[in-house]
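Here's the structure we're looking at; comments come further down.
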Amino acid sequence: MLINDIDPKDFLEFVPEEGVIKLKERRMLLFDAVALGLLRKELIDTFGHFAARSILTRFGYAHGWRTAELLRSEYPAIFSQDEGGSYLHMLFGLTRTCQFNHSDNLASGFSMQVCWDNSYEAEQHQLLFGVAEEPICWTLTGFASGYESCKQEREVYFIEDRCRGAGDPFCRIVGKFREDWGDELEAHQPFYSMESADTLLKGLTQKLKRTELDLKRQQEQLSLYNANLHNISGLVTRSNEMKRIVELARRIAKVDSSVVVSGESGVGKERVSRFIHDHSSRASGPFVAVNCGALTETLLESELFGHKKGAFTGADRDHVGLFEQANEGTLFLDEIGDISAAMQVKLLRALQEKEIRRVGDGQDRKVNVRIIAATHRNLSEEVQANRFRADLFYRLCVIELTIPPLRDRAEDILFIAKVILEQVNKDMNRNVTGFSPQASELLLSYGWPGNVRELQNVVERSVALCMGREITVDDFPETMTHNPVMLSQLSKPTLSLEEMEMEYILSVLKSCGGSKTLAMEKLKIGKTTLYRKLNEYRNRA
758 MLINDIDPKD
768 FLEFVPEEGV
778 IKLKERRMLL
788 FDAVALGLLR
798 KELIDTFGHF
808 AARSILTRFG
818 YAHGWRTAEL
828 LRSEYPAIFS
838 QDEGGSYLHM
848 LFGLTRTCQF
858 NHSDNLASGF
868 SMQVCWDNSY
878 EAEQHQLLFG
888 VAEEPICWTL
898 TGFASGYESC
908 KQEREVYFIE
918 DRCRGAGDPF
928 CRIVGKFRED
938 WGDELEAHQP
948 FYSMESADTL
958 LKGLTQKLKR
968 TELDLKRQQE
978 QLSLYNANLH
988 NISGLVTRSN
998 EMKRIVELAR
1008 RIAKVDSSVV
1018 VSGESGVGKE
1028 RVSRFIHDHS
1038 SRASGPFVAV
1048 NCGALTETLL
1058 ESELFGHKKG
1068 AFTGADRDHV
1078 GLFEQANEGT
1088 LFLDEIGDIS
1098 AAMQVKLLRA
1108 LQEKEIRRVG
1118 DGQDRKVNVR
1128 IIAATHRNLS
1138 EEVQANRFRA
1148 DLFYRLCVIE
1158 LTIPPLRDRA
1168 EDILFIAKVI
1178 LEQVNKDMNR
1188 NVTGFSPQAS
1198 ELLLSYGWPG
1208 NVRELQNVVE
1218 RSVALCMGRE
1228 ITVDDFPETM
1238 THNPVMLSQL
1248 SKPTLSLEEM
1258 EMEYILSVLK
1268 SCGGSKTLAM
1278 EKLKIGKTTL
1288 YRKLNEYRNR
1298 A
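With the first letter of the sequence shown counted as 1, position 252 gets the number 1009 in our numbering; the numbers rise by one all the way through.
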């Protein structure tokens, strides 16, 4: 039987009652060309050009190899003919061969040249991406390589040097034995090699993370058009000071130096640290955080550096420490100012040598991590008081970023509260629309000793207790309503006793959301007295 005598009916068996199509006993599938084109687009958009080409080339290679095995066993006469693989391309609807040249002699070695004029890959790529800059019939080229490698029982590789997808009048592939290609094959080999699968998967994981970060940044950028606030990687701000901090953090992210982020508890030190990580070259690596102040010295050493099995009682297996877990990424050391003197020495060595040693182990292990440390203490003062090593301080504090407390950026309070409210509504399946005017005033006048963390706690509690559509003063905790913060004027020595009384009465009334009844109870004065004083204050104004 000659290849041109093949009738597709002799190859394919349709079994509609079973929902299958068979080529001999092997199940075959029919795919819409546009669907395959969309799959190609999804692979390129999601994973990038290199990964997409690798996947499609290897898919084609496997298809070609399997097809050659089938012909060898079922149609040996056709398998022995040079044009067998090219004809199957047409039979499968992949392309049409318009020219075929093959030589196989001792002088020239194995050489095959095939031209196509109707490649489905070139057609779909042009429809979805336009004219390509290089040949893009990756699956078909892989098919030819797999088919001939199986047939020749040696590694055969095809390279496409012309392609309709790149604007050429036809597609052309040239095939040779691996050793005959020389250096020309080097650029194409990685797309065939399964030895690089681990490297490819690692690269895909990093690209996915970068894609997720890019999408997140785009969403955050779009949010700037929907509200008059700055919302970047969980950092919500309207104040000029915090905007300056964010921009400084963005610049810090571009270098790989160690950073110390300082500020009161609850101001958002970890969020700023994550922002630095997410905008750095290590963004695709891990961000590993540990609260140094929450662990004993022994436990912290084991957590940071890991331990060997049997290193101490209870160490029933090897433990990988946080330095190793954070390799190629960022290690966030929260409350670094609370670690012991002995732990400071061990940490300093790890930072200087860029290697760690697990507890109970004699082997040093290289690590590549960026350190971001955070503290509520003033480390410079701690160094002067001999509570923190100066050499460790200078090793850590290449760059210092100080986050101001919430009370010093009052213009951020309501914006942050609204963002938290929106998230809490989703989490609790509530529909609280906002804060009453009195509640908003109290949010602004309160001192927030717990900073953003306390604000989040207050909003969550208020949403849980809120009976109406908006949060009122009655929904706030007693720490806010029963202990009103004295306004800054009360501490000024220039105020008279009468002025101090006025300021205090007005502050209590404001903390009560304007409720005179509640204010009278707190001030322990009668209705007549309160109204008389309020009238005096209005007349004075």
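Note that CB positions come from ideal geometry on N, CA and C, so glycine has one too.
For PHE867, three-class secondary structure by DSSP: Shown here, PHE867 sits in a strand according to DSSP, grouped into three states.
Neighbourhood of GLN1213 by C-beta distance below 6 Å, restricted to the same chain and skipping five residues each side: If you ignore the 5 residues before and after GLN1213, its C-beta comes within less than 6 Å of the C-beta of ILE1177, all in its own chain and listed in chain order.
Residues near MET1100 in its chain [Cβ-Cβ closer than 7 Å; skip 5 each side]: GLU1054, LEU1057 and GLU1058
Boundaries (first-last residue) of the beta strand (DSSP E) holding VAL1003: Per DSSP, VAL1003 lies in no beta strand (DSSP E); the unbroken alpha helix (DSSP H) holding it starts and ends at 997-1010.
C-beta atoms of ASP1121 and ARG1127 nearer than 8 Å: no
Ordered list of alpha helix (DSSP H) runs contained in the stretch 1015-1084, each at least 4 residues: 1026-1035, 1054-1062 and 1079-1082
Of the residues ARG921, GLU936 and LEU884, the one placed nearest ARG929, counting alpha carbons only: ARG921
C-beta contact flag for LEU827 and ARG783 at 8 Å: yes
Contacting residues, own chain, Cβ-Cβ under 8 Å from ARG935 (five flanking each side not counted): ARG911, GLU912, VAL913, TYR914 and LEU942
C-alpha distance - CYS894 paired with GLN883, whole-angstrom precision: Rounded to whole angstroms, CYS894 to GLN883 spans 11 Å at the Cα level.
Buried versus exposed call for LYS1281 [16 or more other C-beta atoms within 10 Å across all chains shown]: exposed
Exposure of ASN1208, with buried meaning 16 or more beta-carbon neighbours within 10 Å: buried
Whole-angstrom distance between LYS1065 and PHE1233, CA atom to CA atom: 50 Å
Rounded C-alpha distance that separates PHE804 from SER1264: 59 Å
Range of the contiguous beta strand (DSSP E) that encloses ILE1156: 1156-1159
Any alpha helix (DSSP H) of 4 or more consecutive residues that is wholly inside the stretch 1112-1172: 1136-1141 and 1147-1153
Enclosing alpha helix (DSSP H) for THR1229 [first to last residue]: Looking at the DSSP string, THR1229 is not in any alpha helix (DSSP H), and its letter there is neither H nor E.
DSSP-derived helix/strand/coil call for MET785: strand
Inter-residue Cα distance where the pair is GLU1260 and SER1272: Near 16 Å, if we compare the C-alpha coordinates of SER1272 and GLU1260.
Buried versus exposed call for THR1070 [16 or more other C-beta atoms within 10 Å across all chains shown]: By the C-beta density criterion, THR1070 is exposed, having fewer than 16 other C-beta atoms within 10 angstroms.
N-terminal and C-terminal residue of the alpha helix (DSSP H) that GLU1235 is part of: Where GLU1235 is concerned, the enclosing alpha helix (DSSP H) stretches over 1235-1238.
Where PRO892 falls, given that 16 or more other Cβ within 10 Å makes a residue buried: By the 10 Å Cβ count, PRO892 comes out buried.
Three-state secondary structure assigned by DSSP to ARG1297: helix
Paired residues, beta bridge with PHE1089 - DSSP: By DSSP's assignment, PHE1089 forms a beta bridge with ALA1046 and ILE1129.
Neighbourhood of PHE927 by C-beta, 7 Å cutoff - its chain only, sequence neighbours within 5 removed: CYS855, CYS872, TRP873, ASP874, ARG919 and ARG921
LEU1291 to LEU1201 span [Cα, whole Å]: 22 Å
Which residues DSSP lists as bridging CYS928, in chain order: DSSP lists TRP873 as partners of CYS928.
Pick from LYS1000, ILE812, ILE1096 and SER868 that is closest to PRO1161, judged by C-alpha positions: LYS1000
CA-to-CA distance, ALA1221 to LYS1267, given in whole angstroms: 23 Å
Proximity of GLY1042 and GLY1078 at Cβ, strictly below 8 Å: no
CA nearest to the CA of SER868, picked from ASN1143, LYS933 and LYS908: LYS933
Three CB pairs or more closer than 8 Å across the stretch 798-816 and the stretch 896-904: yes
For CYS1049 and GLU1092, believed in contact at Cβ under 8 Å, the rounded distance: 5 Å
C-alpha gap between ILE1129 and ALA1010, whole angstroms: 11 Å
Alpha carbon of THR994 to alpha carbon of HIS1076, nearest angstrom: 40 Å
Contact under 8 Å by Cβ, VAL1181 with CYS1223: No, these two residues do not count as a Cβ contact at 8 Å.
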